[in-house]
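Asks:
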Amino acid sequence: MRKKVVILATGGTIAGVGATAKTAGYRPGSLTADTLLQGIPEVAEVAEIEAVQVCNINSDDITDAIWLDLAQTINAMAQDEDVAGFVITHGTDTLEETAYFLNLTVKASKPVVLTGSMRPSTSISADGPMNLYQAVCVASSDAAAGKGVLVVFSDRIYSARSVTKTSTYHVTAIAAGEMGAIGVVRDGKVYMYETPGKRHTADTEFDISGLKALPKVSILYFAVDADPELLRFAASRSSGIVIAGAGAGEFSESYKQVITELSVPVVVSSRIDDGIIIPDNLLCENTVAADNLSPQKAAILLRLALTRTADLDQIREMFTIY
Ligand code: GLU
Numbered sequence: 046m047r048k049k050v051v052i053l054a055t056g057g058t059i060a061g062v063g064a065t066a067k068t069a070g071y072r073p074g075s076l077t078a079d080t081l082l083q084g085i086p087e088v089a090e091v092a093e094i095e096a097v098q099v100c101n102i103n104s105d106d107i108t109d110a111i112w113l114d115l116a117q118t119i120n121a122m123a124q125d126e127d128v129a130g131f132v133i134t135h136g137t138d139t140l141e142e143t144a145y146f147l148n149l150t151v152k153a154s155k156p157v158v159l160t161g162s163m164r165p166s167t168s169i170s171a172d173g174p175m176n177l178y179q180a181v182c183v184a185s186s187d188a189a190a191g192k193g194v195l196v197v198f199s200d201r202i203y204s205a206r207s208v209t210k211t212s213t214y215h216v217t218a219i220a221a222g223e224m225g226a227i228g229v230v231r232d233g234k235v236y237m238y239e240t241p242g243k244r245h246t247a248d249t250e251f252d253i254s255g256l257k258a259l260p261k262v263s264i265l266y267f268a269v270d271a272d273p274e275l276l277r278f279a280a281s282r283s284s285g286i287v288i289a290g291a292g293a294g295e296f297s298e299s300y301k302q303v304i305t306e307l308s309v310p311v312v313v314s315s316r317i318d319d320g321i322i323i324p325d326n327l328l329c330e331n332t333v334a335a336d337n338l339s340p341q342k343a344a345i346l347l348r349l350a351l352t353r354t355a356d357l358d359q360i361r362e363m364f365t366i367y
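Going by the numbering used here, 216 is the number at position 171 of the sequence shown; the sequence numbering is gapless.
As structure tokens, this is what we get:
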């Protein structure tokens, strides 16, 4: 008997429409999930599909309200024993953020798999159909259960925590830097090799049921002559700040001076892709090390942490666990 997979479509380039020989200047979020599925009848041999159009947008317009809706929808539908897993189609720009948010808030061990494409659906050699087909294969696979939220892209399977967008144009743009892929898909078969080591999904302490919004967190990117007054402005508009520091989370003396005066939690991440920030790297006592989370992922963990506490030591603990 075929397993049932729910596709939650949100838009992005995979649903984009433009000129056939072009990969820029197209409209993301134009086609519905049903239209995308008509192009890959092979999916029906893998799983019975229920398609839900959550929204149809450029992923740069994703909001906390959409994240909460997605997580609450998955948590409710996962109760149905007929549902084997979920696929979320998504723009690649913020795909890693939605994946990590769901990795921390979905309360199920059933596979939840995000995918997208770099070329719009109308492009020569569009990558969306194969990515969607492979995502359905992973979502219906027993090997993918209990591994946290996954991303399938260009034959590879990534964990939500490590995955990131690494190119503005290439079909292998979604990758995981020094952490690498945890599995691959070949001819519809799933080969899983690694298990994510950080706590996720049903094992997290974050409960988003009933939530309508997340605390706001601002990300500030440090560079030579970065204006420290922006830190004060960000603190006046947000419940927390993430700094994309230089190197191992460093910044200028003038930045340091203002940070020591801030009363909102400040998490220090890095503008470097690969690497880790440890507590000994921190220049200010009232800050939290982001471990190896990128600034955009550190912001998600800080937003969720702030739904539970503003205590710096408890937030520090969360940045070691998740
Ligand atoms: N900006 C678009 C989006 O994120 C295009 C990126 C993509 O999907 O590849 O939805």
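Cβ coordinates follow ideal geometry from the N, Cα and C atoms, glycine included.
#1: What residues in its chain sit with their C-beta under 8 Å from that of Leu-256, if we drop five residues either side in the sequence?
#2: Report the start-end ranges of each beta strand (DSSP E) in the segment 194-231 that is 3 residues or longer and not cut off at the edges.
#3: Thinking C-beta only, is Val-183 closer than 8 Å to Met-122?
#4: Pull up the CB-CB distance for Thr-68 and Tyr-214, whole angstroms please, since I reckon it's below 8 Å.
#5: Determine the contact status of Ile-286 and Val-262, defining contact as a CB-CB distance below 8 Å.
#6: Between the segment 307-314 and the segment 326-340, can you find at least three pairs of beta-carbon atoms closer than 8 Å?
#7: Can the beta-carbon of Leu-82 be found less than 8 Å from the beta-carbon of Ser-166?
#8: May I have the straight-line CA-CA distance separating Gly-84 from Asp-109, to the nearest angstrom?
#9: Contact defined as beta carbons within less than 8 Å: I believe Pro-156 pairs with Leu-115. What is the distance between those atoms, to the nearest angstrom?
#10: Could you spell out where the alpha helix (DSSP H) holding Phe-131 opens and where it closes?
#11: Identify whether Arg-244 lies in helix, strand or coil by the three-state DSSP scheme.
#12: Given a cut-off of 8 Å, decide if His-245 and Gly-193 are closer than it, judged by their beta-carbon atoms.
#13: Where are the alpha helix (DSSP H) runs, 4 residues long or more, that stay fully inside the segment 288-345, in chain order?
#14: If we count the other Cβ atoms within 10 Å of its Cβ and call it buried at 16 or more, is Tyr-238 buried or exposed?
#15: Leaving out five residues on either side along the sequence, give the residues of the same chain with a beta carbon under 7 Å from the beta carbon of Asn-148.
#16: Could you tell me which of Glu-141, Asn-120, Glu-87 sits nearest to Met-175, measuring between CA atoms?
#17: Pick helix, strand or coil for Glu-141, following the three-state DSSP scheme.
#18: Would Asp-172 and Thr-139 be called neighbours here (beta carbons separated by less than 8 Å)?
#19: Could you say which of Ser-299, Ile-133, Ser-284, Pro-241 lies nearest to Ala-268 if we only look at CA atoms?
Replies: With the given structure in hand:
#1: Hits under 8 Å: Leu-113, Thr-352.
#2: Qualifying beta strand (DSSP E) stretches, in chain order: 195-198, 201-204, 228-231.
#3: Remark: C-beta atoms of Met-122 and Val-183 do not approach each other more closely than 8 Å.
#4: Contact between Thr-68 and Tyr-214 holds, with the beta-carbon distance rounding to 7 Å and staying under 8 Å.
#5: The Cβ atoms of Ile-286 and Val-262 lie closer than 8 Å to each other.
#6: The answer is yes - the segment 307-314 touches the segment 326-340, with three or more Cβ pairs under 8 Å.
#7: Taking a C-beta distance under 8 Å as the contact criterion, Leu-82 and Ser-166 do not qualify as a contact pair.
#8: Using only the alpha carbons, I get a separation of about 31 Å.
#9: About 15 Å separates the two Cβ atoms, so there is no contact after all.
#10: Phe-131 -> not in any alpha helix (DSSP H); beta strand (DSSP E) instead, spanning 128-134.
#11: Look at Arg-244 here: in three-state DSSP terms it is coil, with no helix or strand label.
#12: Contact flag set, yes.
#13: Residue ranges of uninterrupted alpha helix (DSSP H) with 4 or more members, entirely inside the segment 288-345 and ordered along the chain, are 298-306.
#14: Taking a 10 Å sphere around the C-beta of Tyr-238, we find fewer than 16 other C-beta atoms and assign the residue as exposed.
#15: Taken in chain order, the residues that qualify are Gly-193, Val-194, Ala-205, Arg-206, His-245, Thr-246.
#16: When only C-alpha atoms are compared, the closest one is Glu-87.
#17: Three-state result, Glu-141: helix.
#18: Going by beta carbons, Asp-172 and Thr-139 fall outside the 8 Å limit.
#19: Ranked by Cα distance from Ala-268, the first of Ser-299, Ile-133, Ser-284, Pro-241 is Ser-299.
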